[in-house]
Amino acid sequence: MVTELLSSVVGTPLPEFDHAHSDSGDLPDIRPTEYRADLVVTLTSDNVPVFGIVIEVQLKPDKDKCWSWPVYLTTLRARQRCPVLLVVLCPNQHAATHCRQPITVSPGFILTPVVLGPADVPVITDPQSVIAHPDLTVLSAIAHRNDPERDAILFTLAETMHCLPARNEYIDVIMAALPAGAARHFWEMLMTTKSGPYLSAHLNKQYAKAKSEGMAEGKAKGMAEGMAEGKAKGKAEGKAEGVAEGKAQSLLTVLAVKRLHTTPQIESKVNGCTDPAQLDRWTRRAITADSIEEVFAD
């Protein structure tokens, strides 16, 4: 699990504990800004928190993180009342070098993130290992996002997702961190494996909406094809409409997962678009964009 990785690879000393669980990544204590970490793992002993780990996935340098990461740690520390640690997963060396820079919060308070790269994270493709160590498997999929082993990791995750209590958080993190093609492939795996559509609350809502608005099969397939950047083949009447609506809902899902704020005007623009190619272009931009303006910069 993540704790074993920290002990063996990084050499980070951890207190004795008897349980580790994924916690909410929402850190809303500071207002009005909302802070949300990618993943939080809490170690407990006799149901008492003894150590908190904030896990962030960083695909490229981001100058704003030096301001938000200290907030993640101090908020989690105040909430759990225990020591905390920041772990940053970087699939490439450029991002890793940037993230290893110490962050001066105040005189005497310097935050140095623990940064992990692909060489530090094992490849996990055994179903039992996935179920036993889901947090580490998610990190494995992201760390090896550009490696040949990626698809095997994703397939095993998709097959076992129904066994993972925190599957909603895992799916959100994975979908946001993978390249467009890999995210599409993982979506298809989720839709076709025995795990079924175990999606996040937002994805479930969009999936149910698409099925309930008539042409259920066409629209459900359209959602999958929208996330997959697929091409509508129009097997049944209304399929073209279903694909366009599915792509629109998929785009809104990606925006929500990436936490890119939408306005009623933007949602109206997306839902009113009947051009599947345009929706595909927006979705591809959304997967890598840092702001909502980048997505719709036509």
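Be aware that the sequence shown starts at -15, since it is given in our numbering, and climbs by one per residue.
All residues carry an ideal CB built from backbone N, CA and C; glycine is no exception.
Please read all numbers here as calculations on a predicted model, not as lab measurements.
Of all C-beta pairs linking the region 144 to 164 to the region 92 to 106, fewer than three are shorter than 8 Å, placing the two stretches out of contact. R243 has its alpha-carbon roughly 24 Å from the corresponding atom of I87. Secondary-structure assignment with DSSP links L70 through a beta bridge to V38.
Between T144 and I115, the gap from beta carbon to beta carbon is short of 7 Å.
The alpha carbon of Q112 has as its nearest neighbour, out of P149, N130, M175, L141, the alpha carbon of L141. Distances from the alpha-carbon of A150 to those of Q42, V24, S234 put V24 closest.
Only residues of its own chain outside the window of five on either side were considered, and among them none has a CB closer than 6 Å to the CB of V32. Beta-bridge annotation (DSSP): F280 is not paired with any residue.
Within the DSSP bridge table, the entry for I94 names T88 as partners. In this structure, I37 lies away from D22, with their beta-carbon atoms at least 7 Å apart. Between T59 and D259, the alpha-carbon positions lie close to 44 Å from each other.
Within its own chain, the residues whose Cβ lies closer than 8 Å to the Cβ of R84, once the five positions on either side in sequence are excluded, are T96, P97, V99, listed in chain order.
Distances from the alpha-carbon of K231 to those of T247, P248, K253 put K253 closest. Between the C-alpha atoms of S29 and E0 there is a straight-line separation of about 7 Å. By DSSP's assignment, V99 forms a beta bridge with V72. Shortest Cα-Cα distance from C50 to any of V107, L27, T246, V72 involves V72.
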